[in-house]
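> Each residue of the sequence shown is one higher than the one before, starting from 1190 at the first, in this note's numbering. For glycine and all other residues, C-beta sits at the position ideal for the given N, C-alpha and C.
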Amino acid sequence: MQPIVEVTGISAAYGETIALRDVSLTINELDFIALIGPNGGGKTTLLKAMLGLTPIRSGEIRLFGRTPREGRIYAGYCPQRLTFDPAFPVSVREVVRMGRLSPRRLWRRYSREDEAAVDRALETVEIAALAHRGLAELSGGQVQRVFIARALVSEPRLLVLDEPAAHLDPRISGSLFELLRRLNETLTILITTHDVGAISSYIKTVGCVNQTLHYHGDKQLTAEMIHDAYHNHGPVDVIVHDVRSRTLK
1190 MQPIVEVTGI SAAYGETIAL RDVSLTINEL DFIALIGPNG GGKTTLLKAM
1240 LGLTPIRSGE IRLFGRTPRE GRIYAGYCPQ RLTFDPAFPV SVREVVRMGR
1290 LSPRRLWRRY SREDEAAVDR ALETVEIAAL AHRGLAELSG GQVQRVFIAR
1340 ALVSEPRLLV LDEPAAHLDP RISGSLFELL RRLNETLTIL ITTHDVGAIS
1390 SYIKTVGCVN QTLHYHGDKQ LTAEMIHDAY HNHGPVDVIV HDVRSRTLK
């Protein structure tokens, strides 16, 4: 079986600032992989590089056996910082429907197939009852589900989420990760996160990113991996709230 994502020795930079250095990673079908690491360590850059949204200086990326720009039609992406004007009158359904747009069909009417895909996405993330509510009326956890539905509405094979639980309280975050666990039954998922408890309870493999990638293909998060990823950011306290946690030796 061909891997979904193959990253081979890539490097990336913003001007003179190195973001990634000699990173290699393979993601197989139905994996649920989490990338952790310090802010500014290159996690978001790696996601964007995989999707062809940011250039690389060296190395190669294959997404579904194609270039990132060609392969990303099979990926749904939810970036970390999605902002909206609360005064803008847009409904949940309208936001999710935007995920069916593409450069080749910007001015076409939405079809019955599009509307059916919106219905399926709303049902999948369990917010069908909110379809006609205004986005500004929703809680943070509900808004995050709306944006995940927008990523799902294109019916991708890979779901890429950048810090999906950021700014959510632990209860809402747990509910979100339960949703992702169910989605992972039929969908490959790649996330970035700072939530070590979520790593222990939900994901299948974990990597630490701080310019380079420390990854060994399973969910065991060792003290050595954390040291390698965070060594230049001072002492690290790992606080685990869930008794099921089992990632740290």
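(1) Among Thr-1411, Glu-1249, Val-1281, Ile-1216, which has the Cα closest to the Cα of Ala-1338?
(2) Please report the straight-line C-alpha distance between Arg-1246 and Ala-1202, rounded to a whole angstrom.
(3) Using the three-state DSSP reduction, which class does Ser-1390 fall into: helix, strand or coil?
(4) Could you give the first and the last residue of the continuous beta strand (DSSP E) run that contains Asp-1211?
(5) Considering just the uninterrupted stretch of the alpha helix (DSSP H) at Glu-1367, what are its terminal residues?
(6) Beta-carbon within less than 8 Å of Thr-1436's beta-carbon, same chain only, minus the 5 sequence neighbours each way: which residues are those?
(7) Is it right to say Gly-1329 is buried, meaning 16 or more other beta carbons lie within 10 angstroms of its own, or is it exposed?
(8) What is the DSSP secondary structure of Arg-1246, counted as helix, strand or coil?
(9) Between which residues of its own chain and Glu-1315 is the CB-CB distance below 8 Å, once the five residues before and five after are set aside?
(10) Grab the span of the beta strand (DSSP E) containing Phe-1221 for me, first residue to last.
(11) Which residue comes first and which comes last in the beta strand (DSSP E) that contains Gly-1265?
(12) For the beta strand (DSSP E) that Thr-1377 lies in, which residues bound it at each end?
(13) For a test of the three-state rule: what should DSSP assign to Leu-1327, helix, strand or coil?
(14) Using 10 angstroms around the beta-carbon of Ala-1318, count the other beta-carbons present and answer buried if the total reaches 16, otherwise exposed.
Working from what's here:
(1) Among Thr-1411, Glu-1249, Val-1281, Ile-1216, the Cα nearest to that of Ala-1338 is on Val-1281.
(2) 7 Å
(3) helix
(4) 1206-1216
(5) 1359-1372
(6) Note that Thr-1436 scores a pLDDT of 44, beneath 50, so its modelled location is shaky and nothing firm can be said.
(7) exposed
(8) coil
(9) Arg-1334, Leu-1368
(10) Here the beta strand (DSSP E) through Phe-1221 covers 1221-1225.
(11) 1264-1267
(12) 1377-1381
(13) coil
(14) Burial call: exposed.
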